[in-house]
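Enquirer:
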Amino acid sequence: MAGAGKSAPRHRQIADAIREDIRVGRYKLGDRLPTEERLTETFNTSRPTLRQALGTLAAEGLILRRPRTGSTVVATHEPAVLSHAVTSVEELLDYPGGMTRRVVARRHIKADHALASLLHCAPGKAWYQISALRFAAGSTLPLCWTDFYILPRYAGVTRHKKHNQIPVCQQIVEMYDEIIEQANIEVFARRIPASLAGPLEAPVDAPALVVMRTYKGRDGEVFETTVSTHPEERYRYRFEFRRELRAARR
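Position one of the sequence shown corresponds to residue 1 (the numbering used here), numbered consecutively onward.
(1) Could you tell me if residue 187 is buried or exposed, where buried requires 16 or more neighbouring beta carbons within 10 angstroms of its beta carbon?
(2) Helix, strand or coil: which one does DSSP assign to residue 234?
(3) In its own chain, which residues sit with a C-beta less than 7 Å from the C-beta of residue 184, not counting the 5 before and 5 after it?
(4) When burial is assigned at 16 or more other CB atoms within 10 Å of the CB, is residue 193 buried or exposed?
(5) Given residue 109, which residues of its chain have a CB within under 6 Å of its CB, disregarding the five upstream and five downstream residues?
(6) Shortest alpha-carbon distance to residue 148 belongs to which of 100, 74, 223?
(7) So the alpha helix (DSSP H) residue 68 belongs to, where does it begin and stop?
(8) To which residues does DSSP link residue 108 through a beta bridge?
(9) So the beta strand (DSSP E) residue 116 belongs to, where does it begin and stop?
(10) Between residue 41 and the rest of its own chain, which residues show a CB-CB distance below 6 Å, the 5 nearest in sequence each way excluded?
(11) Under 8 Å by Cβ, that's how I've got residue 29 and residue 76 pegged, so tell me the actual separation to the nearest angstrom.
(12) Please list the terminal residues of the continuous alpha helix (DSSP H) segment that includes residue 53.
(13) Taking its Cβ as the centre, do 16 or more other Cβ atoms sit within 10 Å of residue 175, making it buried, or is it exposed?
(14) Rounded to whole angstroms, what is the Cα-Cα separation between residue 90 and residue 146?
(15) Relative to the C-alpha of residue 226, which candidate in 60, 113, 118, 100 has its C-alpha closest?
(16) With DSSP as the reference, label residue 64 as helix, strand or coil.
(17) According to DSSP, is residue 86 part of a helix, a strand, or is it coil?
(18) Residue 175 by DSSP, collapsed to three states: which one?
(19) Straight-line CA distance for residue 143 to residue 154?
(20) Quick one: measure Cβ to Cβ for residue 121 and residue 111, integer angstroms, because I've assumed they're closer than 8 Å.
(21) Could you say which of 100, 200, 210, 74 lies nearest to residue 138 if we only look at CA atoms?
(22) Any idea what DSSP makes of residue 18, helix, strand or coil?
(23) Check whether the segment 46-53 touches the segment 10-28, counting contact only when three or more Cβ pairs, one atom from each stretch, lie closer than 8 Å.
(24) The beta strand (DSSP E) that contains residue 197, what's its start and end?
(25) Would residue 182 be called buried (16 or more neighbouring beta carbons within 10 Å of its own) or exposed?
(26) Report the residue from 164, 152, 44 whose alpha carbon sits nearest the alpha carbon of residue 133.
Listed below in structure tokens is the structure:
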């Protein structure tokens, strides 16, 4: 085990040692840490002290603790957690500034039954799919994987000079004179599929938060749906609502 400064509290020394073991690959993504009983013997410590150390690592997003199943490594370094404070409908529709995207793939597709069920569209509907990883400013750890499903007639949006910076829906509005008449948001949980585990640097079947945004244009048709999968502990929504003081009725 890696060492830690003896002047630090014992629980911090233990957390530092396990954190270093994760960093150097002794424990890899998806690995379970030894049992609490084994770790208390290894570090010659009490169970409350060990649990305090594990709690520190869990708060940092390095491990996931579950009753009866132990602790699982879910990150090799402290994730960049983006907290999204929302005070208006406009802010609710997109991520805060400073985000970047890295496009991974583009293709024309037709929705199979599973995708049609997810997007609430008819099976066989044609879409242009753009798949991308999204990063917070200054972070190399992916915040999420996003699939953009847009109408094929808007596929040229990839030529927008700020294609990887600003929202795709905004690009469509600018390039094709579209109007966002209605926007819907769905938030739900799912497990990370094997196909996304590698790009997201997250364990297969780890919990994830999915945010799906749907945009309807001037003709009432959905022209874009985005499906963003965020590994656990990498993204948070925070809503703020204030009571408005209204003049008393006379």
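Positions of the beta carbon are idealized from the N, C-alpha and C atoms, including for glycine.
Expert: Here's the rundown:
(1) The residue is exposed, with fewer than 16 neighbouring Cβ atoms inside 10 Å.
(2) In the three-state reduction of the DSSP assignment, residue 234 falls in the coil class, being assigned neither a helical nor a strand state.
(3) Around residue 184: 214.
(4) Residue 193 is exposed by the Cβ-count criterion.
(5) By the criterion of a C-beta distance shorter than 6 Å, residue 109 is surrounded in its chain by 127, 129, once the five residues flanking it on both sides are discounted.
(6) Residue 223 is the option with its Cα nearest to residue 148.
(7) Note, residue 68: premise wrong, no alpha helix (DSSP H); not H, not E.
(8) Under DSSP, residue 108 takes part in a beta bridge, and its partners are 128.
(9) The continuous stretches of beta strand (DSSP E) do not include residue 116, which lies in the alpha helix (DSSP H) extending over residues 113-119.
(10) Excluding residues up to 5 positions away in sequence, nothing lies with its Cβ nearer than 6 Å to the Cβ of residue 41 in the same chain.
(11) Correct: roughly 6 Å between the Cβ atoms.
(12) From DSSP, the alpha helix (DSSP H) with residue 53 extends over 47-59.
(13) Residue 175 comes out exposed.
(14) Unreliable placement is indicated for residue 90, whose pLDDT of 46 sits below 50; the coordinate value is still reported in the next sentence. About 19 Å.
(15) Sorting 60, 113, 118, 100 by C-alpha distance to the C-alpha of residue 226 places 118 at the top.
(16) Note: residue 64 maps to strand in three-state DSSP.
(17) Model confidence at residue 86 stands at a pLDDT of 47, short of 50, so the residue's coordinates are unreliable and nothing is read from them.
(18) Under the three-state reduction of DSSP, residue 175 is assigned to helix.
(19) Taking the straight line joining both Cα atoms gives about 26 Å.
(20) With a Cβ gap of about 6 Å, residue 121 and residue 111 count as contacting.
(21) Closest by C-alpha distance to residue 138, out of 100, 200, 210, 74, is 100.
(22) DSSP places residue 18 in helix when its eight states are reduced to three.
(23) Judged by Cβ distances under 8 Å, the segment 46-53 makes contact with the segment 10-28, as three or more pairs qualify.
(24) Counting along the chain, residue 197 falls outside any beta strand (DSSP E), though it belongs to the alpha helix (DSSP H) covering 194-200.
(25) The residue in question, residue 182, is exposed, as its Cβ has fewer than 16 Cβ neighbours within 10 Å.
(26) With respect to the C-alpha of residue 133, the residue from 164, 152, 44 having the closest C-alpha is 164.
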